[in-house]
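Colleague: Take a look at the following structure, please.
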Amino acid sequence: MGNKQSTFRDDQLDEYQDCTFFTSKEILRLHGRFRDLAPNVVPLDYTNNPDVTLPSSLIITMPELKENPFRYRILETFSEDGEGNLTFYDFVDLFSVLSETAPLDLKIIYAFRIYDFNRDGFLCLEDVEETVHRLTGEELRVEERRLVARRVMEEADLDGDGKLSLIDFQNMISRAPDFISTFHIRI
Amino acid sequence: MACSVDSTLDICQAEQDSECSMEDENDTSSCMDNDFETVEMDFVGHLIKHNWVDEPTEKITLTRKRWSAATQRVLSSMPSRSVEWTGVAAHSSPRVQSQASSNRDIDKDRVPQRKHLLATLQARSVAECARMLRSLPLSLKKKREVRAQFSCERGRQETSTKDSTRSHFPSWLGKRLSGAQQGVQSLLNSVQLWHEALKQVSGRFGTGVLSYFLFLRTLLLYNFILSMITIPFLVLPQVTRPSHGSSNKISFTGLEILTGTGVLTNSLMFYGYYNYTDGWRPGKTEAYIKGTYNIRLAYILTIGIGLFVTCIMLIYSVFKTLGTSSPMSVSHGNLALKVFSSWDFKISKKVYVQQLSENICTHLKVMLCELHSGIPKRRLMTRLIWLVLHCTAWAICLTCIFCCVLGIYRFSHDRKQFSMNLISEGDTHWLILPLLVCGVNHLIPCVFNMLAWMESYDSFNLRIYIAIIRNLFLKVSMLGVLCYHWLDSIAAGKYGTNNECWETFVGQELYRFLLMDFLFSVLDTIFGNFLWSVFTRKILRRKRKPVFDIALNVLELIYGQTLAWLGILFSPLLPTLQIVKLFLLFYLKRASLMMNYQGPLKPWRATQMTTIFISILCFPSFLGATACITYTMWRLKPSATCGPFRTLSSMFLAGSRR
């Protein structure tokens, strides 16, 4: 597999296969997608691991991410610099975690990071409010959103410290029967 | 050396969990800090010795008891194993803000933790390592570094130890097996049939509707594998040595495709053609002349192996879906779950994103209302009416099913009289029974839908389950009565005089049923869906298009597949026909979906539903078909004038005679 392509060496493809949930064919396809975003910037030959970063403004033009209300947070979570600018590694990592075969635990961790808007390691009331805001747009009024957020906190906050830790989040999401299939982007 | 690494590991996440919960401090962060500190305490000596540590970053303050590596290995495979990594996850951000470097990983600050990870990896086999590495919440760059370090270290270990506790053979075998598994996996992934089409569907309609098409693709795979087993061993040998059938030429009219009679009777399609006797004369029942290829054994073995492989694949699918889905939880009223898990990340078109947004908003509002005012308690009178309504609906359903079953049974029993009155010539009268059964299968669910609308269930999921149960009951009864009719007629020798070859006859019946089912699906999709969509928009004046009924369509697929499995013994090419049918159905359903339907209004529990449907496919469908086939092969006497088993009293005796 992949003998004829010159984008990656075989050992690089092995590396990708060991570290992500993709096969070599899918990695090559992802490289094609990454390159399509900026053909002049992203080289075809990745054998020397060039350090190419694409800005977030370019990546959110992808049809899979364009209409997602959490697109900026997703990019920020997976980017190395925290600003949403992705290297190819970050790009592959993003779609690997959001792939079909990624395990539930891993998805929960990254979902937690995505919903943590102020990046303090916890989901506080403001984070939940912002999540509801992104989900519903302007359909709900501010008081309604706050009410929902408070109610969510009551339901999910098991240790009573006013914010959701990863453990609380895990306990809650593990009961959701469909999280693993909705937290999935097909690429 | 590997052993010494293991013994110094001694951290067990689950015991950590239990300790934390037992202490009931709710201060999980301090638990995790303790975890890290303990790691450091255990490793400082070992790490300094190997020059892995840059410099210790935290003071060693605690002591903890040691857990054995065996305990750790067992418990780390439990679902809560991610607690350690959750420590990584939860604490990544606060540390990061104080550093300008990596956003995602805290390895700079947690170097000893990385070493702990390396040591853990070394204790595992290659496949487990890869699996563990993949599920780490580290960035890809860091994972590569870990992997590089780990393979370097592992290579060094394997070359340097002379009397390693691990023998070389199992590790070599492990590598080969994992390589083979990856090869198979990549092969399956490379045949990514309809990848773009499925993406388009999921982008517009979400995960629920996608699950129907994925199910269709899975069935295609099963039929493909079945065909791959039967065609080379059964069909091809027969093709190379055509049997001498009746000499009179039968003219080919187009109707044969539908009825399976005429030209097709003595063709590769059906059982009767399969014999391997040179010098067979019609009318003379000669002893079976064995050629070089034992078609009898081939027949039994191919069908047996094909069904066995299908069984394995089905059971594997059931366990795979069971593993991913959590137990059925009542999420009614659970606001937190709604907020965090209801967004479908696959939806990509703006219009549908807006629709999803509105749906979620509506649900949140309803939940808020219920929380404020509580779910209104029903008065006794309302409850009574509700109960009566449900009982009536169920009574009507069961009566419908019973009447249909009785009707079909009577008709099939007295087929001759009925059909002679209606159509007197040709073979078209054989089409009446399939027509009736398909008509019942497509019209009665509409009755069920109307009843469900009348009953107006509160819970969407309950309505889906009730619909599935009713439709499943209908289809199982239909198939049951048909199987009974066929087996009964064969046992009573009804086919003895009229049809000399009962196997071919049953094969033809199943062929007709399959084809008629396909035709009805096509007509239903083209006309029924289109008309219904126009009806709802123009007459009922609803603003939105109707919703795609996933459950009903999946049950239809399961019904079709059951027919294919039932018929494989009598018509070895039936799975191939099923492949063609599924292929065409995919494009048809997709076109109809794009034109006539909109995305689901209520969240569809894709994972749970997939588990239910795969289980239905496995349990009543596949097992029922296999049971019928086994009974036929074991108890029924093969017909004396056709087929490869003609001189035996039971098909299972094929292996005994020489």
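Protein sequences appear in the order of chains Z and R. FYI, this note's numbering numbers position 96 of the first sequence as 96, with every residue one higher than the one before it. Quick note, this note's numbering runs 187 ahead of the 1-based positions in the second sequence. From the three backbone atoms N, C-alpha and C, an ideal C-beta is built for every residue, glycine too.
(1) Going by the DSSP bridge assignment, what does Z:Thr-87 pair with across the sheet?
(2) Any beta carbon of chain Z sitting closer than 8 Å to that of R:Trp-381?
(3) Could you tell me the distance, in whole angstroms, from the CA atom of R:Val-311 to the CA atom of R:Leu-325?
(4) Quick test of your reading: R:Gln-795 and R:Val-734, contact by CB under 8 Å. State the CB separation rounded to the nearest angstrom.
(5) Once you ignore the five residues that flank R:Phe-420 on each side, which residues in its own chain have a CB closer than 6 Å to its CB?
(6) Is any beta-carbon of chain R found at less than 8 Å from that of Z:Phe-21?
(7) Could you tell me which residues DSSP puts in a beta bridge with R:Leu-567?
(8) State the CB to CB distance for the pair R:Asp-711 and R:Gly-747, rounded to an integer number of angstroms; the pair is presumed to be in contact (CB under 8 Å).
(9) Is it the case that the Cβ atoms of R:Leu-750 and R:Leu-701 are separated by a distance below 8 Å?
(10) With 16 as the cutoff for other CB atoms within 10 Å, does R:Lys-330 come out buried or exposed?
(11) Would you kindly work out how many angstroms separate the C-alpha atoms of R:Tyr-460 and R:Leu-669, rounded to a whole number?
(12) Can you give the Cα-Cα distance for R:Ser-836 and R:Leu-638, rounded to whole angstroms?
(13) What number of angstroms, rounded off, separates the C-alpha of R:Val-540 from the C-alpha of R:His-600?
(14) With respect to the alpha helix (DSSP H) encompassing R:Ser-676, which residues constitute its N-terminal and C-terminal limits?
(15) Buried or exposed for R:Ser-217, going by 16 or more other Cβ atoms inside 10 Å?
(16) Short of 6 Å in beta carbon distance, which residues of its chain neighbour R:Ser-398, apart from the five on each side in sequence? Order them along the chain.
(17) Count the CB pairs spanning the stretch 720 to 738 of chain R and the stretch 642 to 650 of chain R that are closer than 8 Å, and state whether there are at least three.
(18) At the 8 Å Cβ level, is R:Gln-795 part of the contact set with chain Z, yes or no?
(19) If the cut is a Cβ gap below 7 Å, which residues of chain R does Z:Ile-60 touch?
(20) For R:Val-734, which three-state DSSP category applies?
(21) Given a threshold of 16 other Cβ atoms within 10 Å of its Cβ, counted over all protein chains shown, does Z:Val-18 qualify as buried or as exposed?
(22) Anything in chain R within Cβ reach of Z:Ile-27, meaning under 8 Å, just list it in chain order.
(23) Can you name the start and end residues of the alpha helix (DSSP H) that Z:Gly-82 belongs to?
(24) Per DSSP, what kind of secondary structure is R:Leu-555 in: helix, strand or coil?
(25) Would you kindly work out how many angstroms separate the C-alpha atoms of R:Asn-658 and R:Phe-635, rounded to a whole number?
(26) Is R:Leu-618 close to chain Z, meaning its C-beta is less than 8 Å from at least one C-beta of that chain?
(27) So what does R:Gln-542 bridge to, in DSSP terms?
(28) Compute the beta-carbon to beta-carbon distance between R:Thr-615 and R:Leu-451, rounded to the nearest angstrom, for a pair I have assumed lies under 8 Å.
(29) Would you tell me roughly how many angstroms separate the C-alpha atoms of R:Leu-620 and R:Phe-800, rounded to the nearest one?
(30) In chain R, which residues lie with their C-beta within 9 Å of the C-beta of Z:Asn-68?
(31) For the alpha helix (DSSP H) containing R:Ile-412, name the first residue and the last one.
(32) Please report whether the beta-carbon of Z:Thr-131 lies at a distance below 8 Å from any beta-carbon of chain R.
(33) What in chain Z is Cβ-close to R:Leu-780, meaning under 7 Å?
(34) Using 8 Å as the limit for Cβ to Cβ distance, is Z:Gly-137 near chain R?
(35) Could you check what DSSP says for Z:Leu-123 in three-state terms: helix, strand or coil?
(36) Check whether chain Z comes within 8 Å of R:Glu-545, counting only Cβ atoms and requiring the distance to be less than that.
Modeller: Quick look at the numbers:
(1) Z:Thr-53
(2) no
(3) According to the sequence as given, residue 311 of chain R is Arg; it is not Val. One alpha carbon belongs to R:Arg-311, the other to R:Leu-325, and they sit about 19 Å apart.
(4) So it is not a contact: roughly 18 Å between Cβ atoms.
(5) Ala-485, Thr-489
(6) Judged by the 8 Å Cβ criterion, Z:Phe-21 is in contact with chain R.
(7) None; R:Leu-567 has no bridge partner.
(8) Not a contact, Cβ separation roughly 13 Å.
(9) yes
(10) Buried, by the Cβ-count rule.
(11) 24 Å
(12) 50 Å
(13) 54 Å
(14) 647 to 678
(15) Because R:Ser-217 carries a pLDDT of 39, less than 50, the predicted location of this residue cannot be relied on, and no value is offered for it.
(16) Ala-793, Thr-797
(17) no
(18) yes
(19) Simply none; closest approach about 12 Å.
(20) strand
(21) According to the sequence provided, residue 18 of chain Z is Asp. The question's Val does not apply to it. So Z:Asp-18 ends up on the buried side.
(22) The contacting residues do not exist; Z:Ile-27 stays about 11 Å from chain R at best.
(23) Here Z:Gly-82 belongs to no alpha helix (DSSP H), and DSSP marks it neither H nor E.
(24) helix
(25) 8 Å
(26) no
(27) Per DSSP, none; premise fails for R:Gln-542.
(28) About 15 Å separates the Cβ atoms of R:Thr-615 and R:Leu-451, ruling out a contact at the 8 Å cut-off.
(29) 28 Å
(30) Trp-530, Phe-532, Ile-534, Ser-535, Val-540
(31) 394 to 417
(32) yes
(33) Near R:Leu-780 there are no residues of chain Z at all, since even the closest Cβ is about 17 Å away, more than 7 Å.
(34) Yes, because at least one Cβ of chain R sits closer than 8 Å to the Cβ of Z:Gly-137.
(35) strand
(36) yes
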